[in-house]
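Sequence order for the protein chains is A and B.
Using the numbering used here, the final residue of the first sequence is 496, and nothing's skipped along the way.
Using the numbering used here, the final residue of the second sequence is 1182, and nothing's skipped along the way.
Yeah, the Cβ is synthetic: ideal placement off N, Cα and C, and Gly gets one too.
Some notes on the structure that comes next.
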Amino acid sequence: MLNALFGGFQTAFSMSNLFACFIGCVMGTLVGVLPGLGPVGTMGLLLPFTYALDPTGAIVMMAGIYYGSMYGGSTTSILLKVPGEAASMVTCFDGYEMAKKGRAGAALAAAAIGSWIAGTLGLVGLMIFAPSLAKLALAFGPPEYIAITVFGLVLLSNLTGTSPVRSYLAAALGLFLGCIGMDNISGLPRFTFGSMNLVSGLEIVPLIMGLYGVAEIFAFLEESQEEREIIPVRYRELYPTREELKRILPPSLRGSVLGFLIGLIPGPAVVIASLMSYKVERRISKGSEFGKGAIEGVAGPESANNSATAGAMVPLLALGIPFAPATAMLISGFMIHGIAPGPLFITQHSAMFWTIIASMYIGNVVLLVLNLPLVGVFASILRVKSAILMPIVLLLCMVGAFGINNSIFDIGVMLVFGVIGYLFNKIQLDPSPLVVGFILGPQFETAMRQSLVMMGGDVAGIIFRPISGTLLLIAFLSLAFTITKYFLQKRYSNVC
Amino acid sequence: LEIRNLNVKKVWALNKQIVVFYDYYSKFQKTLSLYKEKTAFFLTFIIGVICIVGGFNYGIGSLPNLDRGAYPVFVGLIISVLSIFLFFSTAGEETKAESEAGLRTNGKRIMILLLVLALYVLLVNQIGFLILSFFLLMFLQRLMGQTGWRTPVVISVITVIVFWILFKKWLNVQLPDGLLKF
């Protein structure tokens, strides 16, 4: 394994890959700083920049963008109390308080150092878990894939949005959208309504850009815009004191382990990981300084969400199954460059796998080195008026959607999903289950039909296999628990 | 004089019709915003039904060899059942404050933006990326609250040229030339 990793580092240290990693981190942070545009939107927006690269370089750049945008989100949380994405919501609590006390630099440094520690440990976990899971997954047949999909979708829906039932609906709508286009088995079209553009199905990138980018611009148009006050950061403030450094380390280590384990579970892992870590840190420190600018409240959650990212990469790289929109975006990046992640990915594209691992590590170091001195530059993008920035973002989305197939139709798809995302927001439907449902749908259907043929039409045969049975049982119990809780809550609120 | 009178009457009648139509439209909009959740779940129910009907039309086959319509029927059933459940379980009317907030939102600007973007999609192949994107950016900046003309013009020119060089020349995206051929 160490030899393979060493090989990965050798490839990652090539000039072109280093450059891709560097540019990915810088662009990811720059766009991630914009409030509202989280990692998913940022990756969608910046995907076209990877078109000119070779597959390895492109994936390296995507990973850099992912990490960069996560870090950019924390910057706005600390300096503006506006979380750039849901995962850095927790950072607002203490980060902004620290900034108000004149320790913005130290808070940003704590986030960067915490993320670096977590990124490093998370990658060690990824190195250990992903190849073993992939080996195990080689024994998986179609019934197991059905079970994993059901398990992932149920857990994701239970954990996202305002109500699980709404999330189930979003997931089902995603499954339907996945039906559009050519049927995987018979090769005949479905729900294309006579349009040739729909025969190959909907593209994931315009769909995500619409739901996460364009919808955000619509929401922006609706709100009254007020000038934000950015807390200035001075260069000498950037370095935490020795005492602060001592306080950063333990929460970062705890956050890393917690985050990685949560990242393995399907669902909005990064958000849950940061919230859990905040709770743990508050309990450990007895809550005295928490909410008033405790550095532990920044370092812990920031580390947790970063290592959750690495954890979420395990099912992605080992099984080829994304359980969150951000990893779904990564997988579409893989596919655009002709790589299909799955159990065979690590063995067949071993060099690429280890290069990705190495470049993710390098990305963490680049972010640490880059972000601390340049945080002022990144924050200054917030000073540019939204009336100038938003139109450019919209045009970038349109060019990005167009660039996938050089087709105007994809821009139309993106705009339609922009409206859908905006309406989803109005009726409190989270789009994440829709995206994951859309990605997993075709694979799920193929697995379902193959399993039925394999079992001679015996549905019980799919359920009573050890791995698929266990996963389906967990999914069923989780579903039953959520539904019971929902009805009990309703009954209780009616009685009240 | 008679003709003029007739015209005035006609215009007046038309005007009245427009007023009546607008009245209906605003009532419809108000009802939509009051029942926005129910409307949404009704629409998702329709999607579910389309899915089921479409599935049956494609043919569902029989076990173990399912046809291409079986899966859409299965998904359509889930969508329909969940939509019916949500339709009946969401509150019929939102609170007054909520509906007023909904009405106060700036829906008009979004409609204008959508119309302009639809026009862009329709015309970009004929007119070309450079010219149309320049006007789009100018328009968007003004729509989003940028005042004056100098800044929007400068920003639009720079952005369009940078995008052209970056995407067309460097990243090989086939942005439409339209009227300007390079």
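Express the C-alpha separation of A:G68 and B:V1124 in angstroms, rounding to a whole number. By one-based count along the second sequence, residue 1124 of chain B stands at place 124. By one-based count along the first sequence, residue 68 of chain A stands at place 68. Rounded to whole angstroms, B:V1124 to A:G68 spans 33 Å at the Cα level.
Which partner residues of A:G181 appear in the DSSP bridge assignment? For the purposes of this step, residue 181 of chain A is identified with residue 181 of the first sequence, where counting begins at 1. Beta-bridge pairing by DSSP links A:G181 to A:R190.
Comparing C-alpha positions only, which one of B:K1108, B:Q1141, B:F1163 sits nearest to A:I388? Here residue 388 of chain A refers to the residue found at position 388 of the first sequence. That would be B:Q1141, whose Cα lies nearest to the Cα of A:I388.
Does any residue of chain A bring its CB to less than 8 Å from the CB of B:K1183? Nothing can be reported for residue 1183 of chain B, as the shown portion of chain B is limited to 1001 through 1182.
Separation of A:V280 from A:F93, as counted between CA atoms: Numbered from 1 along the first sequence, position 93 holds the residue referred to as residue 93 of chain A. Numbered from 1 along the first sequence, position 280 holds the residue referred to as residue 280 of chain A. Looking at the two C-alpha atoms, the distance is approximately 15 Å.
Can you confirm whether A:A480, when its beta carbon is compared against all beta carbons of chain B, has any partner nearer than 8 Å? Translated into the one-based positions of the first sequence, residue 480 of chain A becomes position 480. No, because no Cβ of chain B sits closer than 8 Å to the Cβ of A:A480.
Expressed to the nearest angstrom, what Euclidean distance is found between the alpha-carbon atoms of B:K1181 and A:I462? Working through the second sequence from its first residue, we reach residue 1181 of chain B at position 181. Working through the first sequence from its first residue, we reach residue 462 of chain A at position 462. For B:K1181 and A:I462, the distance between alpha carbons rounds to 59 Å.
Taking the C-alpha atoms as reference points, what is the distance between A:T76 and A:G456? The residue given as residue 76 of chain A occupies position 76 in the first sequence. The residue given as residue 456 of chain A occupies position 456 in the first sequence. If you take the alpha carbons of A:T76 and A:G456, they lie about 56 Å apart.
Quick one: which residues of the region 1121-1135 of chain B get their C-beta closer than 9 Å to a C-beta of chain A? List them in chain order. V1121, L1122, V1124, N1125, F1129, S1133
Around the Cβ of B:V1019, are there at least 16 other Cβ atoms within 10 angstroms (buried) or fewer (exposed)? By 1-based counting over the second sequence, the position of residue 1019 of chain B is 19. By the neighbour-count criterion, in which 16 or more other beta carbons inside 10 Å mark a residue as buried, B:V1019 falls on the exposed side.
Using CA atoms only, rank isn't needed, just tell me which of A:V459, A:S451, A:R491 is closest to A:F140. Numbered from 1 along the first sequence, position 140 holds the residue referred to as residue 140 of chain A. Minimum Cα distance to A:F140 is reached at A:S451.
Hey, how far is the Cα of B:G1059 from the Cα of B:R1068? Looking up residue 1059 of chain B in the second sequence gives position 59. Looking up residue 1068 of chain B in the second sequence gives position 68. Looking at the backbone, the Cα of B:G1059 and that of B:R1068 are separated by about 7 Å.
Would you call the region 426-444 of chain A and the region 117-127 of chain A touching, i.e. three or more CB-CB distances under 8 Å? no
For B:E1098, which residues from the same chain have a beta carbon less than 7 Å from its beta carbon, with the 5 sequence-adjacent residues on both sides left out? Here residue 1098 of chain B refers to the residue found at position 98 of the second sequence. For B:E1098, the predicted model reports a pLDDT of 49, less than 50, meaning its position is unreliable; a value from the coordinates is still stated below. Within the same chain, B:E1098 has no close Cβ partners at all.
Determine whether the beta carbon atoms of A:A401 and A:P143 lie at a separation below 8 Å. Taking the first sequence and counting its residues from 1, one reaches residue 401 of chain A at position 401. Taking the first sequence and counting its residues from 1, one reaches residue 143 of chain A at position 143. In this structure, A:P143 does not lie closer than 8 Å to A:A401 by Cβ.
Which listed residue (A:A58, A:S307, A:V31, A:V399) has its alpha carbon closest to that of B:V1160: Walking along the second sequence from the start, residue 1160 of chain B turns up at place 160. Here the closest residue by C-alpha is A:V399.
Identify the contact partners of A:A387 in chain B, using a Cβ-Cβ distance below 7 Å as the criterion. Working through the first sequence from its first residue, we reach residue 387 of chain A at position 387. By Cβ distance, chain B contributes Q1141, M1144, G1145, Q1146.
Determine contact between the region 311-329 of chain A and the region 1-19 of chain A, defined as no fewer than three beta-carbon pairs at a distance below 8 Å. Too few Cβ pairs lie closer than 8 Å, so no.
N-terminal and C-terminal residue of the alpha helix (DSSP H) that A:A86 is part of: Taking the first sequence and counting its residues from 1, the one referred to as residue 86 of chain A is at position 86. Careful: A:A86 lies outside any alpha helix (DSSP H) and carries neither H nor E.
Is it buried or exposed, A:G243, if we count other Cβ atoms within 10 angstroms and call 16 or more buried? In the first sequence, counting from the first residue as 1, residue 243 of chain A sits at position 243. For clarity, residue 243 of chain A is Glu in the given sequence; the question names Gly instead. When all chains shown are included, A:E243 counts as exposed.
Chain-ordered chain B contacts of A:E445 [CB-CB under 8 Å]: Residue 445 of chain A sits at position 445 when you count from the first residue of the first sequence. Per Cβ cutoff of 8 Å: Y1071.
What residues from the region 153-181 of chain A come within 8 Å of chain B, judged by C-beta to C-beta, listed N to C? V165, R166, Y168, L169, A172, L173, L175, F176, C179
Cα-Cα separation, B:K1096 to B:Y1035: Taking the first residue of the second sequence as 1, we reach residue 1096 of chain B at position 96. Taking the first residue of the second sequence as 1, we reach residue 1035 of chain B at position 35. Confidence at B:K1096 is low in this model, with a pLDDT of 46, below 50, so the placement of that residue is unreliable and no value is reported for it.
Which value, in whole angstroms, describes the spacing of the CA atoms of A:G72 and A:I217? Stepping through the first sequence from its first residue, residue 72 of chain A is reached at position 72. Stepping through the first sequence from its first residue, residue 217 of chain A is reached at position 217. The alpha-carbon atoms of A:G72 and A:I217 are separated by roughly 19 Å.
What do you get for A:A340, buried or exposed, if any count of 16 or more other CB atoms within 10 angstroms of its CB means buried? For the purposes of this step, residue 340 of chain A is taken as the residue at position 340 of the first sequence. Under this definition A:A340 is an exposed residue.
Simplified DSSP assignment, three categories, for B:G1061: Numbered from 1 along the second sequence, position 61 holds the residue referred to as residue 1061 of chain B. Three-state DSSP puts B:G1061 in a strand.
B:R1068 touches chain A at which residues, Cβ-Cβ below 8 Å? The residue you call residue 1068 of chain B lines up with position 68 of the second sequence. The contacting residues are D183, I185, S186, L188, R190.
Beta carbon proximity, A:A498 to chain B, threshold 8 Å: Residue 498 of chain A is absent from the model: chain A starts at 1 and stops at 496.
Given that a residue counts as buried once 16 or more other Cβ atoms are within 10 Å of its Cβ, and exposed if not, what is A:D54? Along the first sequence, read from residue 1 onward, the residue named residue 54 of chain A stands at position 54. Exposed: under 16 other Cβ atoms inside 10 Å.
From what residue to what residue does the alpha helix (DSSP H) around A:G376 run? The sequence position of residue 376 of chain A within the first sequence is 376, counting from 1. Where A:G376 is concerned, the enclosing alpha helix (DSSP H) stretches over 350-380.
Hey, A:L367 and A:A109 are a contact pair by Cβ (cut 8 Å); roughly how many whole angstroms apart? As a working mapping, residue 367 of chain A is identified with position 367 in the first sequence. As a working mapping, residue 109 of chain A is identified with position 109 in the first sequence. About 12 Å; that fails the 8 Å criterion.
Is the CB-CB distance between A:N406 and A:E203 below 8 Å? Stepping through the first sequence from its first residue, residue 406 of chain A is reached at position 406. Stepping through the first sequence from its first residue, residue 203 of chain A is reached at position 203. Contact flag unset, no.
Measuring only the C-alpha atoms, how far is A:A12 from A:I356? In the first sequence, residue 12 of chain A corresponds to position 12, counting from 1. In the first sequence, residue 356 of chain A corresponds to position 356, counting from 1. For A:A12 and A:I356, the distance between alpha carbons rounds to 8 Å.
Taking the alpha-carbon positions, what's the A:V427 to A:G174 distance? Walking along the first sequence from the start, residue 427 of chain A turns up at place 427. Walking along the first sequence from the start, residue 174 of chain A turns up at place 174. At residue 427 of chain A the sequence reads Ile, which differs from the Val that was named. Approximately 17 Å, taken between the alpha carbons.
Rounded to whole angstroms, what is the Cα-Cα separation between B:F969 and A:C397? This structure leaves residue 969 of chain B out entirely; chain B is present only between 1001 and 1182.
Length of the line joining the Cα atoms of A:G363 and A:A312: To locate residue 363 of chain A, count along the first sequence from 1; it is residue 363. To locate residue 312 of chain A, count along the first sequence from 1; it is residue 312. If you take the alpha carbons of A:G363 and A:A312, they lie about 17 Å apart.
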